[in-house]
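Residue numbers (our numbering): 4 to 964.
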């Protein structure tokens, strides 16, 4: 049994490992845990072509920092031909994120293994990964449901026994917490599996839709770690209004600690200090997610120092800030590191590449630890960076990456959103969320500084009040923003690529905002699904959202069940349209309402003909369908649908392709021994259908090919059910049905055994001649004496008798088998296909079955009677003709010839005697008139007349011998 305490501990450790704060001053080794897991996943999937394909941007001449700050004009790109209408060709070139002042250098230098340009994989793989994740999630959820049911049962037992001890209450509470933690882990595993499924395909440079999709699931993973409240965020008008008040109150409370340094305040704010409101934690979590997304696409050599050469320029040399031939490449990687939250690594890259002044510029606003004044030049630095970003964006020849860095570090949102290096929706979202959190930092430090100024008149930072106010005025537009405002800003962006019109971007935006936005997105997206990947994506969102309704805390979101049912129905229909995806149908159909499972699902399953695929589906039905015996009901419906298909070709003498399909349909019920009773019922149904349509050959072919053990299994079940005392009505009905099916099948089996025996007898009789020739002798009888002639005559008679005995024995053996098999049908216990005892009539199908059995009995019993008489009369006639031939050749009397032919010395009672078979035929009258066998009730006047005429002929033949 699983140790749930250990599992809960693992969950806590996992959550703690992922709760990386926005500002931390220790090395962030934990940040690599997700990448390591991902790399292991990739290495398990494929070990081919693992190398990095990263081509650095070409070096571009650039002006020095001081010269550019004082020079007007500029474009957003180093390319002088660049225009605002140009769009970025490859988003892979723009790498990921983080907060500027945190020491985030990662000392683990193990490169992240990525595959470059993997060979194209079948889209079946994409469906398979979603399927595997969903299957595991469903199984885990059901295990949790079983544990919860057991816990509730225990609680009821305790309540009934009136045991209300405090230790018991505490124990139940612990179980609740373990269940909640386990449920959280199950959901996190599902979201991470979906992220992996998309992440592995995201290295395809042709289409980054998989990367976006993987980023979406990663966002849900990050938010779910904080709880369902964070994932399903309340974005109602009243809630949004209250969030600003909550943040303001929290900042004022923190600003009252005037003795704390900047670093201590920011640690409390961004390392989730006591009382930090969830709205801020969630916002920081979103930024951490964005940083993770950008870090995933960083080239492995992003932190590798570049060997640079200074560009000789007298003026620049005098200023002491020379430029290098690798500035463009360094700035591009530095921007990627900053977006990934690795400012420390970006500064190290600059220093190690020979441009330490850039590292100094980027780190000017870092909080200083240990100093009571903190960093007194922080606001001044941010103001200057803001101005620099503004001026650089107006100059020509400026590097877009450098402008983006300045804009992001100073929260110059207008410049950042119009920058060529940030021209994607994800970059825009990062810039807005970061600007909102930066403004929160600034407000906190400004409030603390104001308190200091009021309480400590000669505080050293008092003279910077004007600088603080000037900078705060430049970011006034961000103050009071919420996530809805951030998304709305992007929707109005002048560039279409930043407006977030892609379905995954709209999905991300809805979850960033909150539950009302999620509902609106799902409603709109469902009506605009235009491709298969979008349908798959939306279906799994709806599936996950609806699973909250069955969670321990039963969190719900309006419309989730309707989304799930509609999207899953469409998704199942799509899976059914592709043969390679048929095996996935049952999983998704099992999550739909009963009406779909019993009405639509069987329709889709009828197309599956492969025995291997059918066996897989049968196992899935047994495992995944929630109700008892639902798998049996679905399979019965599948078989019934196939049986109902009309046959276009009406050819009772041949087995048609549709007949073969119907025969194979019964195999659906032969994979699981629990369905053997239903398999027998279905077999009987098909046999009745064939026989009523006069397709005797099809029926005979079908019954010959049925599994041998099907009847044995049913017999065992019947014996077990009869041996056990049955009290439940449904169990009694089941026993009666199985017993009826067993009896009916035995009756059909006897009928076809009789037909086969008759056909075999007819073949033997028609191929066996009544006259026997022993050949001619080549010797001259005139040269033989009397003794030699006698010897030759005796040898001839011996050969004749031997041949007669062999041929007659074959005919007798076949006739006995046929007569016995036909008699078994006529003397079937209780009457052949008679169902007067223990009849179950629960529905129209039961009534129809009785009518069909009555019709078959009326149609087939007269034929069996005729065949029986035919065997007896034809065999008697054949024996008479054969005996006459022997009598003639032996030149003996009939009685003497019969005695010579019969080795048993039975005389007239011998089976080779015509009289023997005449008597057997006459005995039919006793069978027909017997009330026990109920034969006479189905015979018409013509049938009785024919029987009497044949009986008279047999009586005459009997008297002749």
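Ideal placement from N, C-alpha and C gives every residue a C-beta, glycine not left out.
As the structure is a computational prediction, the values presented were derived from the model and not from experiment.
Ranking 897, 924, 214 by CA distance to the CA of residue 958 puts 924 first.
For residue 130, the closest alpha carbon among the candidates 588, 147, 513, 396 is that of 588. Separation of the CB atoms of residue 493 and residue 427 is rounded to 10 Å, and the pair is thereby denied contact status at 8 Å. As the crow flies, the alpha-carbon of residue 188 is around 15 Å from that of residue 150. Annotated three-state conformation of residue 343 is strand, per DSSP. With contact defined as three or more Cβ pairs closer than 8 Å, the region 866-885 and the region 845-855 are not in contact. In the three-state scheme derived from DSSP, where H, G and I count as helix and E and B as strand, residue 188 is classed as helix. Under the three-state reduction of DSSP, residue 398 is assigned to strand.
Classified as buried, residue 214 has 16 or more neighbouring CB atoms from the shown chains inside 10 Å of its CB. Cβ-Cβ distances below 6 Å link residue 405 to 334 in the same chain, with the five nearest sequence neighbours on each side left out; the list follows chain order. Exposed is the label assigned to residue 307, since fewer than 16 other Cβ atoms lie within 10 Å of its Cβ. Apart from sequence neighbours up to five positions away, the residues of its chain that approach residue 637 with a beta-carbon distance below 8 Å are 600, 601, 604, 605, 608, 624, 628, ordered along the chain. Counting along the chain, residue 862 sits inside the alpha helix (DSSP H) bounded by residues 847-893. Taking C-beta atoms under 8 Å as the contact rule, residue 409 and residue 395 qualify, at a distance of about 6 Å. In this structure, 901 is the residue among 932, 901, 930, 929 with its C-alpha nearest to the C-alpha of residue 918. Residue 812 counts as exposed, since fewer than 16 other beta carbons sit within 10 angstroms of its beta carbon. Our two residues, residue 267 and residue 459, have alpha carbons roughly 19 Å apart in a direct line. In terms of Cβ geometry, residue 448 and residue 257 do not form a close pair [threshold 7 Å]. The distance from the Cβ of residue 766 to that of residue 828 is about 20 Å, inconsistent with a contact at the 8 Å cut-off.
Secondary structure at residue 630: coil, using DSSP grouped into helix, strand and coil.
Membership of residue 229 in any alpha helix (DSSP H) is not indicated, and neither H nor E is assigned to it by DSSP. Annotation: residue 453 to residue 270 spans about 20 Å, alpha carbon to alpha carbon. With a 10 Å radius around the Cβ and a threshold of 16 neighbouring Cβ atoms, residue 955 comes out exposed. Residues of the same chain with a CB within less than 7 Å of the CB of residue 200, apart from the 5 flanking positions on each side, are 132, 133, 136 in chain order. When DSSP states are grouped into helix, strand and coil, residue 764 belongs to the helix group.
When DSSP states are grouped into helix, strand and coil, residue 127 belongs to the helix group. Taking C-beta atoms as the reference points, residue 865 and residue 946 count as a pair closer than 7 Å. Exclusion of the five residues before and after residue 383 leaves 467, 470 as the residues of its chain whose Cβ lies within less than 7 Å of its Cβ. Between residue 526 and residue 520, the CB-CB gap reaches or exceeds 7 Å. Going by C-alpha positions, residue 295 is about 19 Å away from residue 503. Annotation for residue 216: 201, 507, 540 place their beta carbon closer than 7 Å to its own, counting only its chain and skipping 5 residues before and after. Residue environment: residue 278 is assigned as exposed (fewer than 16 neighbouring CB atoms within 10 Å of its CB, all protein chains considered). By alpha-carbon distance to residue 253, the top candidate from 444, 339, 418 is 444. Nearest in C-alpha terms to residue 580, of all of 553, 610, 225, is 610.
Taking a C-beta distance under 7 Å as the contact criterion, residue 675 and residue 621 qualify as a contact pair. Boundaries for residue 586: no alpha helix (DSSP H) harbours it, and the DSSP string shows neither H nor E there.
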